[in-house]
Amino acid sequence: MSSETVITVENLEKSYRLYSRPFDRVREALSFRRDSFHTEFHALKGISFEIEKGETVGLIGPNGSGKSTLLEILCGTLTPTRGTVKVEGKIGGLLELGAGFNPEFTGRENVYLNGSIFGFSREVIDNKIDDIETFADIGDFVDRPVKTYSSGMYVRLAFAAMIGLDPDILVIDEALAVGDARFQRKCYRHFQALQSAGTTILFVSHAVDLIRTHCNRAIQLDQGKIVSIGSPKAVVQGYLESLFLRRIKSATVGNDPNITSSDAQKTKSDPDMVQRSYNPDEHRWGDGRAKIINYSITSDEVEEPVIYARGASVEIRMRIHFFESLRSPIYGLTIRTLDGVTVFGANTRSRYLVVKTPSAGDETEIVFKFQLNVLAGDYFISLGVADDDEQADQIAVDRRYDVLHLIVKGGPDDLGFADMEMSISESA
1 MSSETVITVE NLEKSYRLYS RPFDRVREAL SFRRDSFHTE FHALKGISFE IEKGETVGLI
61 GPNGSGKSTL LEILCGTLTP TRGTVKVEGK IGGLLELGAG FNPEFTGREN VYLNGSIFGF
121 SREVIDNKID DIETFADIGD FVDRPVKTYS SGMYVRLAFA AMIGLDPDIL VIDEALAVGD
181 ARFQRKCYRH FQALQSAGTT ILFVSHAVDL IRTHCNRAIQ LDQGKIVSIG SPKAVVQGYL
241 ESLFLRRIKS ATVGNDPNIT SSDAQKTKSD PDMVQRSYNP DEHRWGDGRA KIINYSITSD
301 EVEEPVIYAR GASVEIRMRI HFFESLRSPI YGLTIRTLDG VTVFGANTRS RYLVVKTPSA
361 GDETEIVFKF QLNVLAGDYF ISLGVADDDE QADQIAVDRR YDVLHLIVKG GPDDLGFADM
421 EMSISESA
């Protein structure tokens, strides 16, 4: 990865004037006293960051946080209110699939139109048009008006029209997984090829596993401001925490001093969590109405083994104490790889298990049993207690992210992380 900076954003702001009625625009324009009949909406507030050549940076945040606005400004399709943006190299944007396409034009004509919008010359597009048509794989429809396309053909051409031009910087807004499964796989392969070729990529996704897996860095936006910039794992953890804790108003949550608000960082380890598999770098959050006070883990009738065998039977017991009653408790477990990719997850709701409604002072024990059908490597297990509110939204009560660390042994030629128990034979 180069140390050359290709995107520089300094004190970027974008504001919109909102009027209650269309006529208020006229009243404001004609007012001799310069009366104001609008309110200001600030989509971006003082955004600053730099991206180096060859980086893949994920942009994450809730709806309305300013992600799409930021990408549009970077691509030059939207003008900032204040601040500066400096971009080195040709930029290609997949902001809204098909944006800039004319339904009356043929697919081929729209490829040229879309490329010219982002500053690519006709000569460049001429050299790439065959590759774009091959990638889109829509046959003779490329010479028919886009208005005759199915939605699948439309997104195929729109995606191919931009990534096929091999821009120096690629900006993607929730458009990586398009089309059917086979086309999606082709998109991911090309995405990885662009990364290997040193293309700078900035993309928005609500799929946190994509951010963890494909990015070198991540940026979290909320209400038009940058909340955090850093490693994908750390930023994603903070983002997930903020989603669960939006309802939490106090700085200290509940009855447990180790469970903190979204402004806090990692919790201290519990004195009762002394098992070998305990990860002191766990990330913990919740509203504190209940607490996971202990756990036990057994593998093939051995308690707390140092190394876990591939395919071993595992039993995890999670004990919970309730400080308050819960309306509709949910208990769950998730297994992730070292780089944060989810291997498996399940909870009492997904398994349609009816559990007791606890009261303050109660304790209960939840037992998870599964086969550890993964290959050699390090795996982290998260445990959680959640509750439903009256709108059936899940609220984190005690979420212990990456609380357990398991080391699984395997053969030197293991590839991937799932054990499919494959057999191979030959017959004449």
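In the numbering used here, the protein residues as written are 1 to 428.
Glycine included, each C-beta is placed from N, C-alpha and C at the ideal position.
As the structure is a prediction and not an experimental result, all values here were calculated from the model.
Distance check for residue j and residue i, CA to CA, integer angstroms please.
{"i": "Glu315", "j": "Phe368", "result": "6 Å"}
{"i": "Gly58", "j": "Arg82", "result": "24 Å"}
{"i": "Phe417", "j": "Gly410", "result": "10 Å"}
{"i": "Arg108", "j": "Asp137", "result": "12 Å"}
{"i": "Val85", "j": "Ile47", "result": "10 Å"}
{"i": "Leu44", "j": "Ala29", "result": "25 Å"}
{"i": "Ser284", "j": "Ala386", "result": "Reading the sequence as shown, one finds Arg at residue 284 and not Ser. Straight-line Cα distance between these residues: approximately 13 Å."}
{"i": "Glu282", "j": "Arg122", "result": "53 Å"}
{"i": "Thr260", "j": "Arg310", "result": "In this predicted model, Thr260 has a pLDDT of only 40, less than 50, meaning its place in the structure is not dependable enough to derive any value."}
{"i": "Ala251", "j": "Ser423", "result": "Because the pLDDT of Ala251 is 32, which lies under 50, any placement of that residue in the model is unreliable, and the number read from its coordinates should be weighed accordingly. The straight-line gap from Cα to Cα measures roughly 55 Å."}
{"i": "Val146", "j": "Thr199", "result": "29 Å"}
{"i": "Phe105", "j": "Thr337", "result": "47 Å"}
{"i": "Arg117", "j": "Phe23", "result": "Looking at the sequence shown, residue 117 is not Arg but Ile. Spanning the two alpha carbons is a distance of roughly 34 Å."}
{"i": "Val9", "j": "Ile51", "result": "9 Å"}
{"i": "Thr298", "j": "Gly230", "result": "36 Å"}
{"i": "Ser150", "j": "Leu78", "result": "29 Å"}
{"i": "Glu13", "j": "Glu40", "result": "12 Å"}
{"i": "Ala312", "j": "Glu426", "result": "29 Å"}
{"i": "Asp272", "j": "Gly384", "result": "With a pLDDT of 47 at Asp272, under the threshold of 50, the predicted position of this residue should be treated as unreliable, though the coordinate-derived value follows. For Asp272 and Gly384, the distance between alpha carbons rounds to 17 Å."}
{"i": "Arg34", "j": "Val87", "result": "37 Å"}
{"i": "Asp378", "j": "Thr342", "result": "13 Å"}
{"i": "Ser296", "j": "Ala158", "result": "52 Å"}
{"i": "Pro305", "j": "Ile395", "result": "33 Å"}
{"i": "Ala207", "j": "Arg27", "result": "45 Å"}
{"i": "Glu72", "j": "Gly119", "result": "15 Å"}
Could you tell me which residues DSSP puts in a beta bridge with residue i?
{"i": "Asn294", "result": "Arg319"}
{"i": "Phe380", "result": "Arg336, His405"}
{"i": "Val9", "result": "Phe49, Val85"}
{"i": "Lys90", "result": "Answer is none; Lys90 lacks a bridge partner."}
{"i": "Gln371", "result": "Ser313"}
{"i": "Glu365", "result": "Arg319"}
{"i": "Leu59", "result": "Val204, Ile219"}
{"i": "Val302", "result": "Ser299"}
{"i": "Ser15", "result": "His42"}
{"i": "Leu170", "result": "Gly92, Ile201"}
{"i": "Ile330", "result": "Ala386"}
Beta-carbon separation of residue i and residue j under 8 Å?
{"i": "Asp398", "j": "Ile292", "result": "yes"}
{"i": "Ala218", "j": "Val204", "result": "no"}
{"i": "Asn373", "j": "Asp419", "result": "yes"}
{"i": "Leu70", "j": "Val124", "result": "no"}
{"i": "Val171", "j": "Leu202", "result": "yes"}
{"i": "Glu365", "j": "Arg400", "result": "no"}
{"i": "His38", "j": "Arg17", "result": "yes"}
{"i": "Ala160", "j": "Phe141", "result": "no"}
{"i": "Val403", "j": "Asn279", "result": "yes"}
{"i": "Thr213", "j": "Asp414", "result": "no"}
{"i": "Ser359", "j": "Phe323", "result": "no"}
{"i": "Lys65", "j": "Leu221", "result": "Checking the sequence shown, residue 65 turns out to be Ser, not Lys. It is a contact, given that the beta carbons lie within the stated cut-off."}
{"i": "Ile60", "j": "Cys75", "result": "no"}
{"i": "Phe380", "j": "His405", "result": "yes"}
{"i": "Arg349", "j": "Ile335", "result": "no"}
Which class does residue i belong to by DSSP, given the choice of helix, strand or coil?
{"i": "Thr348", "result": "coil"}
{"i": "Pro145", "result": "strand"}
{"i": "Glu109", "result": "helix"}
{"i": "Phe32", "result": "coil"}
{"i": "Ile229", "result": "strand"}
{"i": "Ser313", "result": "strand"}
{"i": "Lys356", "result": "coil"}
{"i": "Ile424", "result": "coil"}
{"i": "Asp387", "result": "strand"}
{"i": "Gln394", "result": "strand"}
{"i": "Ile307", "result": "coil"}
{"i": "Ser242", "result": "helix"}
{"i": "Gly411", "result": "coil"}
{"i": "Ser68", "result": "helix"}
{"i": "Gly416", "result": "coil"}
{"i": "Arg445", "result": "Only positions 1 to 428 of the chain appear in this structure, which leaves residue 445 out of reach."}
{"i": "Val341", "result": "coil"}
Can you tell me where the beta strand (DSSP E) holding residue i begins and where it ends?
{"i": "Ser48", "result": "38-52"}
{"i": "Lys86", "result": "82-87"}
{"i": "Leu221", "result": "217-222"}
{"i": "Leu78", "result": "From DSSP, Leu78 is part of no beta strand (DSSP E); its letter is neither H nor E."}
{"i": "Arg289", "result": "It is not in any beta strand (DSSP E) - Arg289 carries neither H nor E in the DSSP assignment."}
Over what stretch of residues does the alpha helix (DSSP H) that includes residue i continue unbroken?
{"i": "Arg212", "result": "208-214"}
{"i": "Thr134", "result": "122-136"}
{"i": "Val155", "result": "151-163"}
{"i": "Arg182", "result": "181-196"}
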